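Colleague: Quick one: the structure is below, questions incoming.
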Amino acid sequence: MAKKNLKTYYEKAKKQGWAMTQFNVSCLEQMQGVMEAAIAKKAPVLFGTSEGDSSFLHMPQAVALVESYRKETGLPVFLNFDHGKTLEILQSAADAGYDALHFDGSAHEFKENIALAKKVVAMARKKKISVVEGEFGEIPGGHSEFHKNTALVLDKENYTDPEQAREFVKKTGVDSLAVLIGTVHGVFHKNPPLDIERLQEIRNRVTCFYVLHGGSGTPENDLAAAIRNGVVKVNISTDLRAAFVLALRDTMAKNPEEIAPYKILPPSIEAVRKVAEGHLLLMGSANKI
Ligand code: 13P
Numbered sequence: 284m285a286k287k288n289l290k291t292y293y294e295k296a297k298k299q300g301w302a303m304t305q306f307n308v309s310c311l312e313q314m315q316g317v318m319e320a321a322i323a324k325k326a327p328v329l330f331g332t333s334e335g336d337s338s339f340l341h342m343p344q345a346v347a348l349v350e351s352y353r354k355e356t357g358l359p360v361f362l363n364f365d366h367g368k369t370l371e372i373l374q375s376a377a378d379a380g381y382d383a384l385h386f387d388g389s390a391h392e393f394k395e396n397i398a399l400a401k402k403v404v405a406m407a408r409k410k411k412i413s414v415v416e417g418e419f420g421e422i423p424g425g426h427s428e429f430h431k432n433t434a435l436v437l438d439k440e441n442y443t444d445p446e447q448a449r450e451f452v453k454k455t456g457v458d459s460l461a462v463l464i465g466t467v468h469g470v471f472h473k474n475p476p477l478d479i480e481r482l483q484e485i486r487n488r489v490t491c492f493y494v495l496h497g498g499s500g501t502p503e504n505d506l507a508a509a510i511r512n513g514v515v516k517v518n519i520s521t522d523l524r525a526a527f528v529l530a531l532r533d534t535m536a537k538n539p540e541e542i543a544p545y546k547i548l549p550p551s552i553e554a555v556r557k558v559a560e561g562h563l564l565l566m567g568s569a570n571k572i
């Protein structure tokens with residue numbers, strides 16, 4: 284039987300009303316934590332690496348680790364290149380064997396973004412990559428960081444315009460679209476609520492897979508409502524970074540003399556596992572392999 288691709292899981296999620304979590308990682312130990320959660324919950328897994336993550340982890344190694352987890356666990360495990368801003372970097376990811384590509388053309392003017400996204404789609408099809416994600420309108424918040432003292436206020440004027448979404452998807456042929464309805468990269472003092480009505484308006488206008496960036500810190504009820512309204516993938520980065528590093532700081536503070544990585548890192552892996560398990564349950568992807 285042919286291997287099921289990521290698109291098959293987006294279709295299944297759309298039909299059944301749940302979502303994949305894209306876990307952004309930059310090291311093996313974060314992947315270990317996520318995999319432990321996925322095994323426990325029998326969930327399909329999507330890893331993501333940003334340009335920064337993949338410059339550290341290296342694309343061929345990220346692909347090899349995903350393949351190795353697939354083989355070892357028998358679970359559907361996929362890898363998306365997150366926020367690729369140039370054709371060149373996405374071509375490298377495709378050549379390395381990524382399962383999915385996100386072209387972030389939000390810095391370009393709308394027409395130019397469409398022209399470039401079209402090229403990414405054509406390149407991806409040649410490589411039999413099943414999902415290309417597009418984006419116009421930058422996702423606010425900056426990097427995946429903690430801003431615990433800042434309350435971010437968003438201007439709804441910048442949220443995804445349904446008519447532009449229709450035009451973008453039609454002209455580029457992207458499979459999925461990162462929609463702006465209130466999620467932001469990073470965790471703030473109070474993350475904004477989601478505009479579910481806007482999502483419904485987009486849905487009435489364009490048929491594609493809708494995805495959310497900036498899942499960390501988003502009110503859980505809002506995320507659940509977005510998933511009920513057709514979102515099939517939610518990206519999580521800050522929550523995993525924070526879980527990993529806070530546990531590491533704590534371990535080092537308690538064991539300042541310890542130098543064996545295999546003794547220092549397990550609490551961080553466990554912290555990632557817990558956070559990842561919470562997200563898999565919230566997105567409803569447990570037992571969906
Ligand atoms: P968070 O850091 O808010 O989880 O967002 C991650 C993301 O959207 C990566 O593309």
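All the letters of the sequence shown, read from the start, carry residue numbers 284 to 572 under my numbering. C-beta: ideal position from N, C-alpha, C; glycine also. It should be emphasised that the depicted structure is a prediction, and the values quoted were computed from it without experimental measurement.
(1) Quickly, what does DSSP pair HIS562 with across the bridge? List them, please.
(2) Using only alpha-carbon positions, find the residue among SER333, LEU340, THR369 and GLY388 that is nearest to ASN363.
(3) Taking the alpha-carbon positions, what's the GLU446 to ARG488 distance?
(4) Let me know the secondary structure DSSP gives ASP573 once reduced to three states.
(5) Near LYS454, which residues of its chain fall below 8 Å by C-beta distance, leaving aside the five closest residues on each side in sequence?
(6) Just to confirm the assignment, what range does the alpha helix (DSSP H) spanning LEU340 have?
(7) At 3 residues or longer, and completely inside the segment 400-475: list those beta strand (DSSP E) runs for me, N to C.
(8) My output table needs one value for LEU384: the three-state DSSP class, helix, strand or coil.
(9) Decide yes or no for the touch test of the segment 538-548 against the segment 330-347: beta carbon pairs closer than 8 Å, at least 3 of them.
(10) Using only alpha-carbon positions, find the residue among PRO550, GLN344 and ARG449 that is nearest to CYS491.
(11) Looking at HIS366 and ligand 1, is the gap between the Cβ and the nearest heavy atom below 7 Å?
(12) Answer yes or no: the CB of SER337 versus the heavy atoms of ligand 1, is any distance below 7 Å?
(13) If you pair each beta-carbon of the segment 297-313 with each one of the segment 333-353, do three or more pairs fall below 8 Å?
(14) So, using beta-carbon positions, are ALA302 and GLY567 closer together than 8 Å?
(15) Closer than 8 Å by C-beta to ASP522: which residues in its own chain qualify, once you throw out the five before and the five after it? Chain order, please.
(16) Cβ of ASP378 versus every heavy atom of ligand 1: is any distance shorter than 7 Å?
(17) What three-state label does DSSP hand MET284 in the structure shown?
(18) Decide if THR304 is buried, meaning its Cβ has at least 16 other Cβ atoms within 10 Å, or exposed.
(19) Should MET573 be labelled buried (16 or more other beta-carbon atoms within 10 Å of its own) or exposed?
Modeller: Considering the structure as presented:
(1) Beta-bridge pairing links HIS562 to no other residue.
(2) Ranking SER333, LEU340, THR369 and GLY388 by Cα distance to ASN363 puts SER333 first.
(3) Straight-line spacing of the CA atoms in GLU446 and ARG488 works out to 7 Å.
(4) There is simply no residue 573 to check, as the chain begins at 284 and stops at 572 in what is shown.
(5) Within the same chain, and ignoring the five residues on either side of LYS454 in sequence, the residues whose Cβ sits closer than 8 Å to its Cβ are ILE397 and LYS401.
(6) Element bounds for LEU340: 334-340.
(7) If we require 3 residues or more, the beta strand (DSSP E) runs fully inside the segment 400-475 come out as 414-418, 429-434, 459-461 and 470-473.
(8) LEU384: strand per DSSP, three-state reduction.
(9) The segment 538-548, when compared against the segment 330-347, does not touch it at the 8 Å Cβ threshold.
(10) Checking every option, the nearest Cα to that of CYS491 belongs to ARG449.
(11) Annotation for HIS366 indicates a beta carbon within 7 Å of some heavy atom of ligand 1.
(12) For ligand 1, not one heavy atom lies less than 7 Å from the Cβ of SER337.
(13) In short, these stretches touch, since the Cβ pair count reaches three.
(14) Yes; because the gap between Cβ atoms is below 8 Å, this pair is in contact.
(15) Around ASP522: VAL470, GLY498, SER499, GLY500, VAL558 and HIS562.
(16) The answer is no for ASP378.
(17) With a pLDDT of 40 at MET284, under the threshold of 50, the predicted position of this residue should be treated as unreliable, and no value is reported.
(18) Burial call: buried.
(19) In the structure as shown, the chain begins at 284 and stops at 572. Residue 573 is therefore absent and cannot be evaluated.
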